[in-house]
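Under my numbering, the first residue of the sequence shown is numbered 1, with each subsequent residue one higher.
For every residue, glycine included, the Cβ atom is placed at its ideal position computed from N, Cα and C.
Because the structure is a prediction, the values reported are computed rather than measured.
One structure is given below, encoded as structure tokens.
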Amino acid sequence: MRGDRYIGGVEVADNKEVVLQFWDAFSNSRFDEALGLLAEDATWWIAGTTDISGEYSKQQFGELMLGIAENAPNGIKVTPEALTAEGDRVSMEAESYGEISNGKVYNNFYHFMHTLRDGKLVSVKEYLDTQHVQDVFGN
1 MRGDRYIGGV EVADNKEVVL QFWDAFSNSR FDEALGLLAE DATWWIAGTT
51 DISGEYSKQQ FGELMLGIAE NAPNGIKVTP EALTAEGDRV SMEAESYGEI
101 SNGKVYNNFY HFMHTLRDGK LVSVKEYLDT QHVQDVFGN
């Protein structure tokens with residue numbers, strides 16, 4: 001019986017695996033691999049009113065990742081803490097850590113809501129401590 005375990009022929013567990021693959025690639029600065037897991041029409045939304053808040057296309061998000069690489073030479077590691085999947089959505093709590101070139105440490109806590117279609121991320125909503133973003137990356 002398929003039930004809620006399958007959406008569009010993709011098992012919910014497979015969606016969780018795609019999310020984990022994305023964050024592994026991101027955390028290890030394999031940005032091309034991470035971008036390959038996003039659908040061409042994917043959007044990425046970041047909460048708040050910081051310089052990086054708002055909605056990004058796949059291409060724009062790729063440019064944002066390159067900016068991260070410039071500011072965090074050793075990358076920013078995102079560690080999944082808890083994942084919950086239902087239908088085409090995967091919710092994830094996570095913690096990040098990275099040493100920034102300005103001498104500060106970026107250590108944030110997140111909730112991500114990932115939406116997938118045919119094994120690709122089509123939408124990500126990122127909720128985080130925006131004050132910490134400004135404190136570490138702001139001018």
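In this structure, DSSP gives G119 a state outside helix and strand, which the three-state scheme calls coil.
Looking from the CA of N107, the closest CA among A94, F61, T49 belongs to A94.
E126 and A34 do not touch by the CB rule: their CB atoms are close to 14 Å apart, not below 8 Å. Going by DSSP, K77 is part of the beta strand (DSSP E) stretching over 77 to 86. Within the DSSP secondary-structure output, A94 pairs in a beta bridge with P80, Y110. Looking at the backbone, the Cα of D129 and that of D118 are separated by about 31 Å.
Exclusion of the five residues before and after H111 leaves E93, Y127 as the residues of its chain whose Cβ lies within less than 6 Å of its Cβ. Straight across, the Cα-Cα distance linking F109 with E17 is about 21 Å. Looking at the backbone, the Cα of D51 and that of L64 are separated by about 11 Å.
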